[in-house]
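Encoded as structure tokens, the structure appears first; notes follow it.
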Amino acid sequence: MRLLLDAMCGGLRAPLRMCGHDTAYALDRDVEADDRLLALAREEERTLITRDRELARCGRCNGRLEGVGREDSDGERPAYVPETADPVWRCRDCGQRFWRGSHWADVRERLPDGQ
403 MRLLLDAMCG GLRAPLRMCG HDTAYALDRD VEADDRLLAL AREEERTLIT
453 RDRELARCGR CNGRLEGVGR EDSDGERPAY VPETADPVWR CRDCGQRFWR
503 GSHWADVRER LPDGQ
């Protein structure tokens, strides 16, 4: 697998390389602009890894997440979603809700660059 990491994902560079992935890092190539990153990924046939999208996939089923209000379209709020939760994301596949709860700091701490 050939990967290209954007500037926000530099912390993944060494672990991915140690796992055997051919991993290029944008800042090692002096590339920061998104259009140049995409062009480089295409030129070198690499998959671009970026953190430009916050909470894009469901942690339960890997479905795509979409931003929603605290309530569903019928005005109901699932019982497990706190009243103070905002924003809220919903998985398009399994319906699981996600929000910035008490675990948010722990998740951010585990991600590269603390983002």
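517 is the number that my numbering gives the last residue of the sequence shown; the numbers go up by one with no jumps.
By construction, the Cβ of each residue, glycine as well, lies at the ideal position given by its N, Cα and C atoms.
Taking 8 Å as the threshold (C-beta atoms), are residue 494 and residue 524 in contact? Because the chain is modelled from 403 through 517, residue 524 falls outside the range shown and cannot be assessed.
On a Cα-Cα basis, can you pick out the residue from 490, 408 and 416 that is closest to residue 432? 408
What are the uninterrupted segments assigned as beta strand (DSSP E) that are 3 or more residues long and contained completely in the region 414-454, given in chain order? 424-427 and 449-451
Starting from residue 492, trace the beta strand (DSSP E) both ways and give me its first and last residue. 490-493
Three-state class that DSSP yields for residue 503 in the structure shown: Residue 503 falls in the coil class under three-state DSSP.
Does the beta-carbon of residue 460 have 16 or more other beta-carbons within 10 angstroms, so that it is buried, or is it exposed? buried
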